[in-house]
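K.L.:
Those protein sequence lines, which keep their order, are chains L and X.
Mind the numbering: the first sequence is residues 0 to 346 in numbering that gives the first Met the number 0, read in order.
Mind the numbering: the second sequence is residues 0 to 346 in numbering that gives the first Met the number 0, read in order.
Sharing a structure with you now.
Number of protein chains: 2
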Amino acid sequence: MPASIRDVAERAGVSVGTVSNVLNRPEVVSEHTRERVLDAIAALGFVRNESARHLRAGHSRTIGLVVLDIANPFFTDVARGVDDVVDPAGLAVILCNSDDRPEKESAHLDVLAEQRVQGVLITPTAELSPHLDSLRRRGIPVVLVDRRAPTPDQCAVAVDDVLGGRLAAEHLLERGHRRIAFIGGASGLPQVQERHAGVAAAVREATGDDDALLVLSPEHLTVAGGREAAARIVGLPAARRPTAAVCANDLLALGVLQEMVRQGVRVPEDFAIVGYDDIDFAAAAAVPLTSVRKPRAALGSRAAELLLDEARGEGHVHVQEVFEPTLVVRESSMAFRDRTADREGAQ
Amino acid sequence: MPASIRDVAERAGVSVGTVSNVLNRPEVVSEHTRERVLDAIAALGFVRNESARHLRAGHSRTIGLVVLDIANPFFTDVARGVDDVVDPAGLAVILCNSDDRPEKESAHLDVLAEQRVQGVLITPTAELSPHLDSLRRRGIPVVLVDRRAPTPDQCAVAVDDVLGGRLAAEHLLERGHRRIAFIGGASGLPQVQERHAGVAAAVREATGDDDALLVLSPEHLTVAGGREAAARIVGLPAARRPTAAVCANDLLALGVLQEMVRQGVRVPEDFAIVGYDDIDFAAAAAVPLTSVRKPRAALGSRAAELLLDEARGEGHVHVQEVFEPTLVVRESSMAFRDRTADREGAQ
DNA sequence: CCTCCGTTATGAAACGATTCAGACGACTTG
DNA sequence: CAAGTCGTCTGAATCGTTTCATAACGGAGG
Chain L
0 MPASIRDVAE RAGVSVGTVS NVLNRPEVVS EHTRERVLDA IAALGFVRNE SARHLRAGHS
60 RTIGLVVLDI ANPFFTDVAR GVDDVVDPAG LAVILCNSDD RPEKESAHLD VLAEQRVQGV
120 LITPTAELSP HLDSLRRRGI PVVLVDRRAP TPDQCAVAVD DVLGGRLAAE HLLERGHRRI
180 AFIGGASGLP QVQERHAGVA AAVREATGDD DALLVLSPEH LTVAGGREAA ARIVGLPAAR
240 RPTAAVCAND LLALGVLQEM VRQGVRVPED FAIVGYDDID FAAAAAVPLT SVRKPRAALG
300 SRAAELLLDE ARGEGHVHVQ EVFEPTLVVR ESSMAFRDRT ADREGAQ
Chain X
0 MPASIRDVAE RAGVSVGTVS NVLNRPEVVS EHTRERVLDA IAALGFVRNE SARHLRAGHS
60 RTIGLVVLDI ANPFFTDVAR GVDDVVDPAG LAVILCNSDD RPEKESAHLD VLAEQRVQGV
120 LITPTAELSP HLDSLRRRGI PVVLVDRRAP TPDQCAVAVD DVLGGRLAAE HLLERGHRRI
180 AFIGGASGLP QVQERHAGVA AAVREATGDD DALLVLSPEH LTVAGGREAA ARIVGLPAAR
240 RPTAAVCAND LLALGVLQEM VRQGVRVPED FAIVGYDDID FAAAAAVPLT SVRKPRAALG
300 SRAAELLLDE ARGEGHVHVQ EVFEPTLVVR ESSMAFRDRT ADREGAQ
């Protein structure tokens, strides 16, 4: 129904080749002809058919971005970073939400493959899907976002999560906490495991006690998951109950905070909380959240840069970039009493 | 580079037509042939080229979703609702962020037109872009989201924002507030104007005083905008300073809350706040936010349903759906002292 | 044995753009 | 004046798929 290049050519009284030239290499066509063609285009409301272009060109002008949870502001910030790079390059982004479910992820990757996207940016679920490899074998670049590359033959932009976990834990340990909870997730994401590892190492070094760390793994890394974990913590006998928690992301931390408040547990006096990601809402929380800050937008834009470079071909070298997180201390971890004394008294 | 249907045909020793049949109408090809073809497909890692399909079919398998602010959880919730409908239909969503800027919106609409999307879901900027009409003239369905249709010849899914504004204002008026601020935005979005109208009507009815409502319009409907507005309110002389605010969305409300707390203004004792949208973070705020709740995901999924129906053609009737908002009362508006007395004392 | 029919497979024509070898004048140049 | 050059335009081939008219084959019915 919509006008094609042939209709334009007919109306302007030129060949289709000439119309194409007006569109793509205007300098090779005479001014007079160019104007006639442009007039015809305007009159017919002609819009290029991207699929036809793509078919001929062999590559599309889109990239795919697959995230774990579109409702998590961390990922929308990443998406923004991606957009900042991809938009000026004239590419469109197909944003897919895997919901941390491998089947959804695979389905989305299949669609992206059919769309012949120029490349895929993805924060994958725990297991690296075979679909990812098959994309790469097919020559479609894949850049991992917020996840380390398992092999050096691909690009990845990650954060040193062991360090992040350590920063969070050391902060709590310094403030005297001796029984700490790590609230992760059931899906086994390596980012979460690394954060856990960092926390565990710091706790072990400081306490020499492997039981000092309680690990909870709610189903999902969401506010609801955090509430669930907090309820379990509150249910523990006082002697074994942790006095602080490091959460694998801010959504969890927010959930923990909500449930603690609801149960009448004071934060940070009775229970300290450290989140992860430092999303904007962390600072606005009921009790402003101490959190491990990651360069969210930079993660996205750097990943996009690497992807575009790889898609361009010509001597691309794979880069595994690792950003350093920092700790942002806010009220949720500002305990006032000395917990070391507390604990020693209890023993 | 990637295997084409022709390669598959060759390897399986059949014609391309047969391969296509295996893919699209497997029942018409004999089991033996089908297996051979399927084997070849697996061996070559063949993946359909969606652009070629689309070119032949005349329509793509994607839709566009254009939102005002991807960082606003309201829109990610809408996107989720859209996904719930669009995904099972086997379509992909191209998510675009206009940042409330008409030029970005237009640019995105152009890209979507070139992609020949099946339809566009959009929360448009204040002025309805001519690009929207030109899409519709070209036969691409457009459904407005969270925005009323200007004419009955198109679908729209909106919320009764006059009512929403009224609910918010009446709640504050009942609690004794007599000087109220409406914090909107500078970009003139009709949703915001309607909320304003609802608030203004309620305030006028209750106070008979047109000056009882102070209108502030920060640049953007964001947390930063809210902080900016709050700072201006605090700067006002006490006699003219409002005692409460209705904010055009929750991001603004969160910003107002932050700045008030920072300036030592107690919420809700000294200043009450009502937000709009009821995003999840509203309940988790420093002071849990009273907010006007909209059916966020339903807005998206209903809009997507209408879009798919319209794209299907065949006797589609345009629907303008208007959801009713409800007020969710939380702490941010729970004032304790009687402000009527307060005000009367002041006069 | 012939005809007819149903099942299955074929091959060519589209879809809309880009590209490229070549045509055609008009001009230079030796 | 012939040959070469330049600027401009043409037309056909091509990308990968779907579709559709048609062919090939085998079996049933007369």
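Ideal placement from N, C-alpha and C gives every residue a C-beta, glycine not left out.
Looking only at its own chain, which residues have a Cβ that is under 7 Å from the Cβ of A285/L, when we skip the five neighbours before and after it?
P.N.:
L256, V260
K.L.:
Does DSSP classify A70/L as helix, strand or coil?
P.N.:
coil
K.L.:
Quick one: what's got a C-beta closer than 6 Å to A281/X's C-beta in the same chain, skipping five residues either side?
P.N.:
D249, G274, L288, S290
K.L.:
Would a check of beta-carbon distances place Q192/L closer than 8 Å to chain X?
P.N.:
no
K.L.:
When you compare each of E113/X, A230/X, P123/X, L90/X to E104/X by their alpha carbons, which one comes out closest?
P.N.:
Checked all of E113/X, A230/X, P123/X, L90/X; the closest Cα to E104/X is P123/X.
K.L.:
Using a Cβ-Cβ distance under 8 Å, would I69/L count as near chain X?
P.N.:
At a cut-off of 8 Å between beta-carbon atoms, I69/L makes contact with chain X.
K.L.:
Take A303/X and list the residues in its own chain whose beta-carbon comes closer than 6 Å to its own, dropping the five residues that flank it on each side.
P.N.:
V81, V84, V85
K.L.:
Of all the CB atoms in chain L, is at least one closer than 8 Å to the CB of V245/X?
P.N.:
no
K.L.:
How is S290/X classed by DSSP in three states: helix, strand or coil?
P.N.:
strand
K.L.:
Go ahead and pull the three-state DSSP assignment for A244/X.
P.N.:
Strand, per DSSP.
K.L.:
Could you check how far apart the C-beta atoms of V142/L and L298/L are, in whole angstroms? I think they sit under 8 Å.
P.N.:
That pair is no contact at about 11 Å.
K.L.:
Taking contact to mean 3 or more Cβ pairs, one atom from each stretch, closer than 8 Å, check whether the segment 108-117 of chain L and the segment 131-139 of chain L are in contact.
P.N.:
yes
K.L.:
Does the distance from the CB of A243/X to the CB of I182/X come in under 8 Å?
P.N.:
no
K.L.:
Can you tell which of S59/X, R226/X, V328/X has its C-alpha closest to the C-alpha of A283/L?
P.N.:
R226/X
K.L.:
At the 8 Å Cβ level, is G80/L part of the contact set with chain X, yes or no?
P.N.:
With a threshold of 8 Å between beta carbons, G80/L makes no contact with chain X.
K.L.:
For T32/X, name the three-state secondary structure that DSSP assigns.
P.N.:
helix
K.L.:
Just tell me which of I69/X, S50/X, V46/X has its CA closest to the CA of R60/X.
P.N.:
S50/X
K.L.:
For the pair the segment 150-170 of chain L and the segment 186-196 of chain L, tell me if three or more CB-CB distances fall below 8 Å.
P.N.:
yes
K.L.:
Determine whether the Cβ of A39/X lies closer than 8 Å to any Cβ atom of chain L.
P.N.:
Taking Cβ atoms only, chain L never reaches closer than 8 Å to A39/X, which makes this a no.
K.L.:
Between the Cα of P217/L and the Cα atoms of V21/L, D68/L, E126/L, G184/L, which residue gives the shortest distance?
P.N.:
Measuring C-alpha to C-alpha distances from P217/L to each of V21/L, D68/L, E126/L, G184/L identifies G184/L as the nearest.
K.L.:
Can D152/X and H317/X be called in contact, C-beta distance under 8 Å?
P.N.:
yes
K.L.:
For L171/X, which residues in the same chain have their Cβ closer than 8 Å to its Cβ, ignoring the five residues on either side in sequence?
P.N.:
Excluding residues within five positions, the ones whose Cβ falls inside 8 Å are I179, A243, V245, A271, V273, S332.
K.L.:
So, using beta-carbon positions, are G197/L and R165/L closer together than 8 Å?
P.N.:
yes
K.L.:
At what residue ranges does the segment 158-205 of chain X contain a whole run of the alpha helix (DSSP H), taking only runs of 4 or more?
P.N.:
The segment 158-205 of chain X contains these whole alpha helix (DSSP H) runs: 160-173.
K.L.:
Thinking just about the alpha-carbon of each residue, which of V156/X, E193/X, D276/X is nearest to the one in R376/X?
P.N.:
Because chain X spans 0 through 346 in this model, residue 376/X falls outside it and cannot be assessed.
K.L.:
Are the beta-carbon atoms belonging to D76/X and R295/X less than 8 Å from one another?
P.N.:
yes
K.L.:
Under 8 Å between C-beta atoms, does V327/L make it to chain X?
P.N.:
no
K.L.:
List the residues of chain L that S59/X touches, going by C-beta distances under 8 Å, in chain order.
P.N.:
Residues of chain L passing the Cβ test: S50.
K.L.:
Are the C-beta atoms of R338/X and some chain L residue less than 8 Å apart?
P.N.:
Bear in mind that the predicted position of R338/X carries a pLDDT of just 43, short of 50, making it too unreliable to give a figure here.
K.L.:
Is N23/L close to chain X, meaning its C-beta is less than 8 Å from at least one C-beta of that chain?
P.N.:
no
K.L.:
Could you confirm whether any beta carbon from chain L is found closer than 8 Å to the beta carbon of F280/X?
P.N.:
yes
K.L.:
Helix, strand or coil: which one does DSSP assign to R7/L?
P.N.:
Per the sequence shown, the amino acid found at residue 7/L is Val instead of Arg. Residue state for V7/L is assigned as helix, using DSSP reduced to three classes.
K.L.:
Given that P294/X touches chain L, what residues does it touch there, using C-beta distances under 8 Å?
P.N.:
Chain L residues near P294/X: none, gap ~16 Å exceeds 8 Å.
K.L.:
Assess, as a yes-or-no matter, whether the segment 93-101 of chain X is touched by the segment 33-44 of chain X under the definition of 3 or more beta carbon pairs within less than 8 Å.
P.N.:
Result no; under three Cβ-Cβ pairs closer than 8 Å.
K.L.:
Check each residue of the segment 253-277 of chain X: if its Cβ is closer than 9 Å to any Cβ of chain L, include it; give the result in chain order.
P.N.:
L253, G254, L256, Q257
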